[in-house]
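In the working numbering, the protein residues as written are 3 to 184.
Glycine residues also receive a C-beta, built at the ideal position from the N, C-alpha and C atoms.
A short write-up of the structure that comes next.
Right under this line is the structure:
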(Lines of atoms letter the chains of each structure in order from A and count residues from 1; the text may use other names and numbers.)
(Lines give C-alpha, C1' and ligand atoms only; values in the text may rest on other atoms or scores of the structure.)
Protein backbone atom coordinates (compact mmCIF):
# COMPACT_ATOMS: atom_id res chain seq x y z
CA UNK A 1 0.00 0.00 0.00
CA UNK A 2 2.90 2.39 0.76
CA UNK A 3 5.62 0.67 -1.32
CA UNK A 4 5.68 2.98 -4.33
CA UNK A 5 4.76 6.12 -2.41
CA UNK A 6 7.43 8.83 -2.30
CA UNK A 7 6.93 11.14 0.69
CA UNK A 8 9.02 14.28 0.26
CA UNK A 9 9.81 17.60 1.90
CA UNK A 10 12.33 20.28 0.95
CA UNK A 11 13.95 23.15 2.81
CA UNK A 12 15.01 26.27 0.92
CA UNK A 13 16.93 29.52 1.29
CA UNK A 14 13.62 31.40 1.17
CA UNK A 15 10.19 31.52 -0.45
CA UNK A 16 11.00 33.01 -3.87
CA UNK A 17 11.05 30.36 -6.58
CA UNK A 18 12.94 32.83 -8.76
CA UNK A 19 15.70 33.77 -6.31
CA UNK A 20 15.88 30.97 -3.73
CA UNK A 21 17.05 27.36 -3.98
CA UNK A 22 16.58 24.04 -2.23
CA UNK A 23 19.13 23.50 0.54
CA UNK A 24 18.08 20.01 1.64
CA UNK A 25 15.54 17.46 0.55
CA UNK A 26 14.45 14.54 2.64
CA UNK A 27 12.26 11.68 1.49
CA UNK A 28 10.96 8.30 2.53
CA UNK A 29 10.57 5.72 -0.21
CA UNK A 30 10.19 1.94 -0.09
CA UNK A 31 10.93 1.87 3.64
CA UNK A 32 14.19 3.83 3.36
CA UNK A 33 15.19 7.32 4.42
CA UNK A 34 17.07 9.49 1.93
CA UNK A 35 18.57 12.94 2.10
CA UNK A 36 20.02 15.31 -0.47
CA UNK A 37 22.23 18.23 0.60
CA UNK A 38 23.05 21.07 -1.83
CA UNK A 39 26.68 21.11 -2.98
CA UNK A 40 27.30 17.74 -1.28
CA UNK A 41 25.10 15.03 -2.76
CA UNK A 42 24.27 13.94 -6.28
CA UNK A 43 20.60 14.45 -7.18
CA UNK A 44 20.48 11.10 -9.03
CA UNK A 45 18.73 9.18 -6.24
CA UNK A 46 16.03 11.83 -5.85
CA UNK A 47 15.52 12.02 -9.59
CA UNK A 48 15.16 8.24 -9.98
CA UNK A 49 12.79 7.92 -7.01
CA UNK A 50 10.71 10.82 -8.38
CA UNK A 51 10.40 9.11 -11.75
CA UNK A 52 9.94 5.54 -10.41
CA UNK A 53 7.37 6.28 -7.70
CA UNK A 54 3.67 5.74 -8.36
CA UNK A 55 2.57 8.47 -5.93
CA UNK A 56 4.25 11.62 -4.61
CA UNK A 57 2.97 12.76 -1.20
CA UNK A 58 3.66 16.24 0.20
CA UNK A 59 2.13 18.81 2.51
CA UNK A 60 1.59 22.05 0.58
CA UNK A 61 3.87 20.57 -2.04
CA UNK A 62 1.79 21.61 -5.03
CA UNK A 63 2.45 25.25 -4.16
CA UNK A 64 5.97 24.88 -2.81
CA UNK A 65 8.06 21.69 -2.86
CA UNK A 66 7.18 20.48 -6.36
CA UNK A 67 7.78 23.91 -7.91
CA UNK A 68 11.27 24.07 -6.39
CA UNK A 69 12.04 20.46 -7.40
CA UNK A 70 11.05 21.21 -11.01
CA UNK A 71 13.24 24.33 -11.07
CA UNK A 72 16.28 23.03 -9.16
CA UNK A 73 16.40 19.45 -10.48
CA UNK A 74 14.97 19.92 -13.96
CA UNK A 75 12.22 17.37 -13.41
CA UNK A 76 8.72 17.31 -14.83
CA UNK A 77 5.71 17.61 -12.50
CA UNK A 78 4.99 14.27 -10.86
CA UNK A 79 2.25 12.35 -12.64
CA UNK A 80 0.39 11.49 -9.41
CA UNK A 81 0.97 14.14 -6.74
CA UNK A 82 -1.12 13.91 -3.56
CA UNK A 83 -0.95 17.06 -1.46
CA UNK A 84 -2.36 15.97 1.92
CA UNK A 85 -2.86 19.57 3.00
CA UNK A 86 -5.91 19.61 0.72
CA UNK A 87 -7.12 16.27 2.09
CA UNK A 88 -6.91 17.77 5.57
CA UNK A 89 -8.88 20.82 4.48
CA UNK A 90 -11.67 18.62 3.14
CA UNK A 91 -11.81 16.90 6.53
CA UNK A 92 -11.87 20.20 8.43
CA UNK A 93 -8.17 20.42 9.42
CA UNK A 94 -6.82 23.91 8.76
CA UNK A 95 -3.32 25.22 9.33
CA UNK A 96 0.23 24.16 8.64
CA UNK A 97 1.75 20.71 8.97
CA UNK A 98 2.71 21.10 12.62
CA UNK A 99 -0.70 22.39 13.71
CA UNK A 100 -2.62 19.73 11.80
CA UNK A 101 -0.33 16.95 13.04
CA UNK A 102 -0.61 18.06 16.65
CA UNK A 103 -4.39 18.29 16.37
CA UNK A 104 -4.56 14.57 15.58
CA UNK A 105 -2.07 13.60 18.30
CA UNK A 106 1.20 13.60 16.36
CA UNK A 107 3.57 16.04 18.08
CA UNK A 108 7.17 16.63 17.03
CA UNK A 109 10.01 15.82 19.45
CA UNK A 110 11.14 18.53 21.89
CA UNK A 111 14.41 19.26 20.02
CA UNK A 112 12.49 20.67 17.05
CA UNK A 113 9.21 21.68 18.68
CA UNK A 114 9.59 25.43 18.07
CA UNK A 115 11.26 25.23 14.67
CA UNK A 116 9.84 26.59 11.44
CA UNK A 117 11.10 27.44 7.96
CA UNK A 118 13.00 30.49 9.21
CA UNK A 119 14.94 28.31 11.64
CA UNK A 120 15.74 25.94 8.77
CA UNK A 121 17.27 28.85 6.84
CA UNK A 122 19.36 29.84 9.87
CA UNK A 123 20.53 26.25 10.34
CA UNK A 124 21.56 26.07 6.69
CA UNK A 125 23.57 29.28 7.10
CA UNK A 126 25.22 27.89 10.27
CA UNK A 127 26.13 24.66 8.50
CA UNK A 128 27.48 26.60 5.51
CA UNK A 129 29.69 28.48 8.00
CA UNK A 130 31.13 25.22 9.37
CA UNK A 131 28.80 24.12 12.18
CA UNK A 132 28.34 20.42 11.36
CA UNK A 133 25.69 19.85 14.03
CA UNK A 134 23.47 22.38 12.26
CA UNK A 135 23.05 19.98 9.32
CA UNK A 136 22.04 17.17 11.68
CA UNK A 137 19.34 19.33 13.26
CA UNK A 138 18.18 20.59 9.85
CA UNK A 139 17.99 16.98 8.63
CA UNK A 140 16.07 15.92 11.73
CA UNK A 141 13.60 18.78 11.20
CA UNK A 142 13.26 17.96 7.50
CA UNK A 143 12.77 14.23 8.22
CA UNK A 144 10.08 14.90 10.83
CA UNK A 145 8.17 16.94 8.26
CA UNK A 146 8.36 13.92 5.94
CA UNK A 147 7.25 11.53 8.68
CA UNK A 148 4.31 13.69 9.74
CA UNK A 149 3.27 14.08 6.10
CA UNK A 150 3.39 10.30 5.74
CA UNK A 151 1.24 9.87 8.85
CA UNK A 152 -1.33 12.35 7.53
CA UNK A 153 -1.44 10.45 4.23
CA UNK A 154 -2.08 7.22 6.12
CA UNK A 155 -4.86 8.81 8.17
CA UNK A 156 -6.54 11.12 5.66
CA UNK A 157 -6.17 9.15 2.43
CA UNK A 158 -5.71 5.49 3.37
CA UNK A 159 -8.00 5.72 6.44
CA UNK A 160 -5.56 3.79 8.59
CA UNK A 161 -3.79 4.47 11.87
CA UNK A 162 -0.43 6.18 11.26
CA UNK A 163 2.74 4.20 11.91
CA UNK A 164 4.20 4.91 15.31
CA UNK A 165 7.76 3.76 14.53
CA UNK A 166 9.58 6.37 12.44
CA UNK A 167 13.20 5.17 12.54
CA UNK A 168 14.48 8.61 11.52
CA UNK A 169 18.27 8.21 11.18
CA UNK A 170 19.26 11.80 12.05
CA UNK A 171 19.57 12.55 15.74
CA UNK A 172 20.80 15.40 17.88
CA UNK A 173 20.89 15.72 21.62
CA UNK A 174 18.61 18.41 23.11
CA UNK A 175 21.59 20.37 24.49
CA UNK A 176 23.08 20.79 21.01
CA UNK A 177 19.67 21.62 19.57
CA UNK A 178 19.18 24.34 22.20
CA UNK A 179 22.62 25.78 21.38
CA UNK A 180 21.80 25.90 17.67
CA UNK A 181 18.36 27.41 18.12
CA UNK A 182 19.59 29.98 20.62
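Just confirm the distance between the C-beta atoms of residue i and residue j, as a whole number of angstroms; I'd bet it's less than 8 Å.
i, j, result
"residue 102", "residue 28", "So it is not a contact: roughly 19 Å between Cβ atoms."
"residue 151", "residue 70", "Not a contact, Cβ separation roughly 16 Å."
"residue 82", "residue 57", "5 Å"
"residue 66", "residue 86", "In fact, because the Cβ distance is near 13 Å, the residues do not count as touching under 8 Å."
"residue 75", "residue 40", "Incorrect: roughly 11 Å between the Cβ atoms, too far for contact."
Can you tell me whether DSSP reads residue i as helix, strand or coil?
i, result
"residue 24", "strand"
"residue 151", "helix"
"residue 186", "No answer is possible for residue 186: the residues shown for the chain start at 3 and end at 184."
"residue 92", "helix"
"residue 77", "coil"
"residue 58", "strand"
"residue 134", "helix"
"residue 67", "helix"
"residue 112", "helix"
Give the range of the beta strand (DSSP E) segment to which residue i is assigned.
i, result
"residue 39", "34-39"
"residue 83", "83-85"
Can you tell me where the alpha helix (DSSP H) with residue i in it begins and where it stops?
i, result
"residue 49", "46-54"
"residue 182", "176-183"
Per DSSP, which residues does residue i bridge with? Please list them.
i, result
"residue 30", "9 and 35"
"residue 14", "24"
The segment 110-119 / the segment 75-94 touching (three or more Cβ pairs under 8 Å)
no
Would you call the segment 5-22 and the segment 113-132 in contact, with 3 or more CB pairs under 8 Å?
yes
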